[in-house]
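Contents: one structure, followed by commentary.
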Amino acid sequence: MATHRMGESGLSESAPSTSSHLHAPYGVLHGISSPSSSLVNQGSGYYFGGLEEAILQGVKIRSEEAKASLFSGKPATTLAMFPSWPMRFQHTPREGGSKSGGESTDSESGLNTISSKTEAQFEPESESPMSKKASCTDYQAFDQQQRQQLQQLEQDMASDASRCQTLQNQNQSPNNPFQAKRKGDGSKSEKQLDPKTLRRLAQNREAARKSRLRKKAYVQQLESSRLKLSQLEQELQRARSQGLLVGGGRTASANLSSGAAIFDMEHGRWLEEDQRHMEELRRSLEAAVSDNELRVMVENYLRHYDEIFELKGVAAKSDVFHVMNGMWTTPAERCFLWISGFRPSDLIGMLIQQLEPVAERQILGMCELRQSTQQAEEALTQGLDQLQHSLLHTVVGGLDVDGVQQMFLAMTKLSNLEAFIRQADNLRQQTLHRLCQLLTVRQAARCFLVIGEYYGRLRALSSLWASRPRESLINDETCHQITTNMPIVHQSSQNHFSSF
Amino acid sequence: MEYEIGGRWGYRWCVGSSSSSPDGLERVVRMASESAVVVFSRSGCCMCHAVKRLLCGMGVNARVYELDRHPFGKDMEQALMALLRSSSSAASALPVVFIGGNLVGAIDSVLASHINGSLVPLLKQAGALWL
Chain Z
1 MATHRMGESG
11 LSESAPSTSS
21 HLHAPYGVLH
31 GISSPSSSLV
41 NQGSGYYFGG
51 LEEAILQGVK
61 IRSEEAKASL
71 FSGKPATTLA
81 MFPSWPMRFQ
91 HTPREGGSKS
101 GGESTDSESG
111 LNTISSKTEA
121 QFEPESESPM
131 SKKASCTDYQ
141 AFDQQQRQQL
151 QQLEQDMASD
161 ASRCQTLQNQ
171 NQSPNNPFQA
181 KRKGDGSKSE
191 KQLDPKTLRR
201 LAQNREAARK
211 SRLRKKAYVQ
221 QLESSRLKLS
231 QLEQELQRAR
241 SQGLLVGGGR
251 TASANLSSGA
261 AIFDMEHGRW
271 LEEDQRHMEE
281 LRRSLEAAVS
291 DNELRVMVEN
301 YLRHYDEIFE
311 LKGVAAKSDV
321 FHVMNGMWTT
331 PAERCFLWIS
341 GFRPSDLIGM
351 LIQQLEPVAE
361 RQILGMCELR
371 QSTQQAEEAL
381 TQGLDQLQHS
391 LLHTVVGGLD
401 VDGVQQMFLA
411 MTKLSNLEAF
421 IRQADNLRQQ
431 TLHRLCQLLT
441 VRQAARCFLV
451 IGEYYGRLRA
461 LSSLWASRPR
471 ESLINDETCH
481 QITTNMPIVH
491 QSSQNHFSSF
Chain D
1 MEYEIGGRWG
11 YRWCVGSSSS
21 SPDGLERVVR
31 MASESAVVVF
41 SRSGCCMCHA
51 VKRLLCGMGV
61 NARVYELDRH
71 PFGKDMEQAL
81 MALLRSSSSA
91 ASALPVVFIG
101 GNLVGAIDSV
111 LASHINGSLV
121 PLLKQAGALW
131 L
């Protein structure tokens, strides 16, 4: 048992005895530690297999360490190099060692004549976890073997664990011939120790070390991105469980403030109620309900809109950026936001086209409304620009000096954002009320339906976009197909987008 | 000491012993009636900038008083805040717009009246807009 403890005893029992040859991976160690009986050129493939194994395990290996342990003959260092290995890996070589120990004496003579070339053939299969010592290389076949193994490693990266398992199982059989080979070739190595050889050995060692480091970095990158992925999935799960992913395609991050989260939920409820209002209006219009009943419904719908503006005002007080950046809307809506909501003049422009039986007086009134909303929007936009410029000026002013005071000043300026959101929502509210004043009840009802339908399609566009097949990114034809398959959405959104 | 303002304001303003507020209000009233359209603003304020741009965009030549640069600005600002009895918990009452000597209000009132279609007739009546 003691003799077959490869990890521990390989180096210490470096006495030139036949039993030491049984510890195949450490035969090399013996070779180096005792220059007279060098097994330098032995079992190169063997060790490369071990290299791959080590890389797959993601264990930290340094060839310098390896060399140091080799030359210093400390078995403990070797063991410490594979700290993440489960015990079974350490047992396996022992078993392999024990088997080979029994057989090597028998097959020793037979395998003595095996050339290093044949060794190369065995390499891809022989991955002994213990043979990591790149210093013990067959320089003739080294480069070729290395390239082979690198390619193989690239392909097999995905199945690390299973591969290690299979490697472990394969360890047992190939052990014997290699140990025997190494033992058998011991006599040859003595002739090949010249300066050229040493230089090539060193180069090979360097190359092996570099490739090992690269592989290690790659594996670590893979592992970290795997961790990140699982973290993201957990966050998503948490967000879903908190009911923040309500409605069509609106995404929520785990970093929502309480005010923002509350507003998102309220907005979700508002959307559901919006659907109910729309359904009621649609049914009433089709059923040709009396004007008075329709008026009541339209007024309810107006109040419904007033509600959301008030909710937005409260939310802006607690989390102004959440409201301003439109994080409570879908991506497509968010793209075309003007100060946290729709642009009234564009809404009017869209609605003018939708009024079928319309009097000239009403058209005039709508055009006037559009003009006054445009002027108001322009004023608010310019006010916001001035806010941005003065904010920039304040922050820049503090770049040279200690910016605490400037930051304080900037904070007070930022507090104006809430006022702008308030005024923009006020503008929208006034626009909707004015609309109801200008139009007949039936026209107003239809307008509300159009507005609701438009936003519903924008939300649908968002979710469609999010779930579109990724091949469309590469294939232009597929992309065109997708767009032509959604003519309704495309047209309706075009109406609005053109005015932007 | 009590102080009353009547006439075009149509209400009474009673103040305590403080002498600054009547001065402030008095000044406000006086300055508001000197021009067709008067805007009380602050130089760095972006909302004031928005109001000014709105009026300019409509072609109105408004008289603007930057209260932060006015010697009695503070008093006037306080008087204006009391006048508005701000429902909005804004830090400042400014900007405040007077048309034809009459108080229109803060920016939300101005915008509301503009959308209503009542702003333009008001401006025409005061002589600030032609045609």
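Read top to bottom, the protein sequences are chains Z and D. By the UniProt record's numbering, the letter at position 19 of the first sequence is numbered 19, and the numbering carries on one by one without gaps. By the UniProt record's numbering, the letter at position 3 of the second sequence is numbered 3, and the numbering carries on one by one without gaps. Glycine included, every Cβ here is placed at the ideal spot set by N, Cα and C.
Mapping DSSP to helix, strand and coil, what is Z:W270? The residue labelled residue 270 of chain Z in the question sits at position 270 within the first sequence. If DSSP states are grouped into helix, strand and coil, Z:W270 belongs with the helices.
Going by Cα to Cα distance, which pick from D:K74, D:G57, D:S41 is closest to D:Y65? In the second sequence, residue 65 of chain D corresponds to position 65, counting from 1. The option with the nearest alpha carbon to D:Y65 is D:S41.
Quickly, what does DSSP pair D:I99 with across the bridge? List them, please. Start at 1 with the first residue of the second sequence, and residue 99 of chain D comes out as number 99. Beta-bridge pairing links D:I99 to D:V37, D:N102.
Given that D:N61 touches chain Z, what residues does it touch there, using C-beta distances under 7 Å? Along the second sequence, read from residue 1 onward, the residue named residue 61 of chain D stands at position 61. What D:N61 touches in chain Z: nothing, since even the nearest Cβ is about 16 Å away.
Quick check: what's the CA-CA separation for Z:L364 versus Z:K317? The count along the first sequence starts at 1 and reaches residue 364 of chain Z at position 364. The count along the first sequence starts at 1 and reaches residue 317 of chain Z at position 317. Distance between the alpha carbons of Z:L364 and Z:K317: 38 Å.
Can you tell me whether D:V96 is buried or exposed, with buried defined as 16 or more other CB within 10 angstroms of its CB? Position 96 of the second sequence holds residue 96 of chain D. It is buried - the Cβ of D:V96 has at least 16 other Cβ atoms within 10 Å.
Could you give the DSSP three-state label for D:V64: helix, strand or coil? For the purposes of this step, residue 64 of chain D is taken as the residue at position 64 of the second sequence. D:V64: strand per DSSP, three-state reduction.
Can you check whether the CB of D:V60 is closer than 8 Å to the CB of D:V37? On the second sequence, residue 37 of chain D is found 37 positions in, with the first residue counted as 1. On the second sequence, residue 60 of chain D is found 60 positions in, with the first residue counted as 1. A contact, by the Cβ cut-off of 8 Å.
Please decide whether D:V51 counts as near chain Z, where near means a Cβ-Cβ distance under 8 Å. Within the second sequence, numbered from 1, the residue matching residue 51 of chain D stands at position 51. Taking Cβ atoms only, chain Z reaches closer than 8 Å to D:V51, which makes this a yes.
How long is the line joining the alpha carbons of Z:W465 and Z:S340, rounded to whole angstroms? Looking up residue 465 of chain Z in the first sequence gives position 465. Looking up residue 340 of chain Z in the first sequence gives position 340. Taking the straight line joining both Cα atoms gives about 22 Å.
Give the residues from the segment 94-124 of chain D that approach chain Z closer than 7 Å (Cβ to any Cβ), ordered along the chain. I107, D108, L111, A112, H114, I115, N116, G117
Opening and closing residue of the alpha helix (DSSP H) in which Z:R240 lies: Position 240 of the first sequence, counting from 1, holds the residue named residue 240 of chain Z. 195-241 is the span of the alpha helix (DSSP H), which, as asked, contains Z:R240.
Cut-off 6 Å between Cβ atoms - residues of its own chain near Z:A260, not counting five sequence neighbours on either side: Here residue 260 of chain Z corresponds to residue number 260 of the first sequence, with the count starting at 1. Excluding sequence neighbours, Z:A260 sits near D319, H322.
Measure the C-alpha to C-alpha separation of Z:M278 and Z:F448 and round it to an integer number of angstroms. Taking the first sequence and counting its residues from 1, the one referred to as residue 278 of chain Z is at position 278. Taking the first sequence and counting its residues from 1, the one referred to as residue 448 of chain Z is at position 448. Those two C-alpha atoms are separated by around 8 Å.
So is D:P121 buried or exposed if we call it buried at 16+ other beta carbons inside 10 Å? Residue 121 of chain D sits at position 121 when you count from the first residue of the second sequence. Looking at its Cβ environment, which holds fewer than 16 other Cβ atoms inside 10 Å, D:P121 is exposed.
Starting from the beta carbon of Z:N426, find every residue of chain D whose beta carbon is closer than 8 Å, and list them in chain order. Mapped onto the first sequence, residue 426 of chain Z falls at position 426. Correct list: D108, L111, A112.
Out of D:A126, D:A112, D:A128, point me to the one whose CA is closest to Z:H433's CA. Translated into positions along the first sequence, residue 433 of chain Z becomes position 433. Answer by Cα proximity: D:A112.
Mind reading off the beta-carbon distance from Z:E378 to D:G57? Whole number of angstroms is fine, and I expect it under 8 Å. As a working note, residue 378 of chain Z is residue 378 in the first sequence. As a working note, residue 57 of chain D is residue 57 in the second sequence. Between D:G57 and Z:E378 the Cβ distance is about 6 Å, and since that is below 8 Å, they are a contact.
Let me check one thing: in DSSP terms, what residues is D:W130 bridge-paired to? Taking the first residue of the second sequence as 1, we reach residue 130 of chain D at position 130. BP columns for D:W130 are empty, so no partner.
Where does Z:D402 land, buried or exposed, given buried means 16+ other C-beta within 10 angstroms? Numbered from its first residue, the first sequence carries residue 402 of chain Z at position 402. Z:D402 comes out exposed.
Ordered along the chain, which non-local residues of its own chain (more than five positions away) have a Cβ less than 8 Å from that of Z:L285? Taking the first sequence and counting its residues from 1, the one referred to as residue 285 of chain Z is at position 285. L294, R442, A445, R446, L449.
Please report whether the beta-carbon of D:G127 lies at a distance below 8 Å from any beta-carbon of chain Z. The residue given as residue 127 of chain D occupies position 127 in the second sequence. False, the Cβ-Cβ gap to chain Z never drops below 8 Å.
Are the C-beta atoms of Z:R434 and some chain D residue less than 8 Å apart? The count along the first sequence starts at 1 and reaches residue 434 of chain Z at position 434. Closer than 8 Å: yes.
For Z:V246, does the three-state DSSP call read helix, strand or coil? As a position in the first sequence, residue 246 of chain Z is number 246, starting the count at 1. Low local confidence applies: a pLDDT of 48 at Z:V246 is under 50, so the model's placement there is unreliable, and no value is given.
With burial defined as no fewer than 16 other Cβ atoms inside 10 Å of the residue's Cβ, what is the status of Z:P344: buried or exposed? Within the first sequence, the letter at position 344 stands for residue 344 of chain Z. Classification for Z:P344: buried.
Measure the C-alpha to C-alpha separation of Z:L438 and Z:Q353 and round it to an integer number of angstroms. For this step, residue 438 of chain Z is matched to residue 438 along the first sequence. For this step, residue 353 of chain Z is matched to residue 353 along the first sequence. Near 15 Å, if we compare the C-alpha coordinates of Z:Q353 and Z:L438.
Alpha-carbon to alpha-carbon, Z:V296 and Z:S290: On the first sequence, position 290 is the one that residue 290 of chain Z refers to. On the first sequence, position 296 is the one that residue 296 of chain Z refers to. C-alpha separation (whole angstroms): 10 Å.
Give a yes or no on whether the minimum CB-CB distance between residue 515 of chain Z and chain D is below 8 Å. Look at the range of chain Z in this structure, 1 to 500, and you will see that residue 515 of chain Z is not part of it.
D:C48 and D:L94: beta carbons closer than 8 Å? Mapped onto the second sequence, residue 48 of chain D falls at position 48. Mapped onto the second sequence, residue 94 of chain D falls at position 94. Yes; because the gap between Cβ atoms is below 8 Å, this pair is in contact.
Where the alpha helix (DSSP H) containing Z:L417 begins and where it ends: If you number the first sequence from 1, residue 417 of chain Z lands on position 417. Segment 416-438, the alpha helix (DSSP H) holding Z:L417.
State buried or exposed for Z:T431, treating a residue as buried only when at least 16 other CB atoms are found within 10 Å of its CB. On the first sequence, position 431 is the one that residue 431 of chain Z refers to. Per the 10 Å Cβ criterion, buried.
Would you say Z:A379 faces chain D, with C-beta separation under 8 Å as the test? By 1-based counting over the first sequence, the position of residue 379 of chain Z is 379. For Z:A379, the answer is yes, since a Cβ of chain D falls inside 8 Å of its Cβ.
Proximal residues of chain D, C-beta to C-beta of Z:A376 below 8 Å: Here residue 376 of chain Z refers to the residue found at position 376 of the first sequence. By Cβ distance, chain D contributes L54, L111, H114, I115.
Would you call the segment 404-420 of chain Z in contact with the segment 226-246 of chain Z, where contact means no fewer than 3 C-beta pairs closer than 8 Å? no
Contact list for Z:E368 against chain D, beta-carbon separation under 7 Å: Here the question's residue 368 of chain Z lines up with position 368 in the first sequence. Going along chain D in sequence order, the residues near Z:E368 (Cβ under 7 Å) are G117.
Closest to D:G24 by C-alpha separation, out of D:D108, D:G127, D:K74, would be which residue? Mapped onto the second sequence, residue 24 of chain D falls at position 24. The shortest C-alpha separation from D:G24 is found at D:K74.
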